[in-house]
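Read left to right, the sequence shown gives residues 660 to 891 (the working numbering).
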Amino acid sequence: MTDAEGVWNTGATNPENPNCIKCEYAPAAFNVAHRFVANFEYDLPFGHWDALSGLPRRLTNGWETLGIFQAQAGLPFTVYSPYGTLQYGEGGSNRPNFLQKATLSPTEGSGPQFFSNAVIGSTNGAGTGYFSIPTVISPVNGNSVMPSPGSLGRDTFTAPGWSNLDFSVIKDTKLTETKTLQLRAEFFNILNQATFAAPNYGGPTVGSPGFGYSFTTATTEREIQFGIRFIF
């Protein structure tokens, strides 16, 4: 729990109400509630089959598999208002008013849409019964602003969790007692799981065209690489 991810004005999001720092107290944006990591290594028993297969030992010995499996909960994120406030100016990081808990899309976690259709609504989240953004005209420049900071908390939503499996197959071939040739085949995200990150690029701002949608993934696509190592 924290009231800021960094020093304000140097990379951190400014409080919507500078007179109420405690209003920013919430889970940190880097908070991971649950995380599981497992590593495994298995020496393939091909070397026991050389007598039966008639294959040379250099071909059947030295095979092993390696893997890293990760699974974790998503990261918290904040929903923002597109307007500043009459009290504290158009800058800052104002949030909308909270009306009721926003429902999630049935495909949340497996598709780009995070919030349900009812939350996103025909007006991109504004006036749908979940968030409220009342506005007045600023006497300073005539722009629309909210009369006061919104009541929605910071980091009140959590992005989808994700899992990933990296897998490798390795073949060690002894050339001499001190020299080994190693062949490697490495598969990152071997299952090619596509897990979408928190709504971004307008996705967390109520009223934006992309509100409630994510345009990036939490993990990269499947990547395969091959390598040769000479160990001495």
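A virtual CB, placed ideally from N, CA and C, is assigned to each residue, including glycine.
Assigned with DSSP and collapsed to three states, Asn776 falls in helix.
Residues of the same chain with a CB within less than 7 Å of the CB of Asp831, apart from the 5 flanking positions on each side, are Gly721, Thr839 and Gln841 in chain order. Out of Leu834, Arg813, Ala857 and Ser797, the CA that lies nearest to the CA of Glu664 is found in Arg813.
In the structure shown, Thr719 adopts helical secondary structure according to DSSP, grouped into three states. In the structure shown, Glu749 falls within a coil segment according to DSSP collapsed to helix, strand and coil. DSSP places Phe705 within a helical segment (H, G or I) once states are collapsed to three.
In the structure shown, Ile680 falls within a helical segment according to DSSP collapsed to helix, strand and coil. Every beta strand (DSSP E) of 3 residues or more that sits fully in the region 819-852 is shown, in chain order, as 821-833 and 839-847. With fewer than 16 other Cβ atoms inside 10 Å of its own Cβ, Gly801 counts as exposed. Counting other Cβ atoms within 10 Å of its Cβ, Arg694 stays below 16 and is therefore classed as exposed. In this structure, the straight-line span from the alpha carbon of Gly820 to that of Ser807 is close to 34 Å. Nearest Cα to Val738 within the set Ile883, Asn848 and Gly861: Gly861.
For Gly886, the beta-bridge partners assigned by DSSP are Arg843.
Rounded to the nearest angstrom, the gap between the Cα atoms of Lys833 and Arg717 is 7 Å.
A contact is defined here as three or more CB-CB pairs under 8 Å, and the region 750-767 fails this definition with respect to the region 875-889. In this structure, the beta-carbon distance from Leu811 to Asn756 falls below 8 Å. For Phe889, the number of other beta carbons within 10 angstroms of its own is below 16, and it is reported as exposed. Under DSSP, the beta-bridge partners assigned to Ile796 are Ser803. The residue from Ser822, Ala856, Ser827 and Gly871 with its alpha-carbon nearest to that of Phe728 is Ser822. For Ser740, the number of other beta carbons within 10 angstroms of its own is at least 16, and it is reported as buried. With 16 or more other Cβ atoms inside 10 Å of its own Cβ, Asn848 counts as buried.
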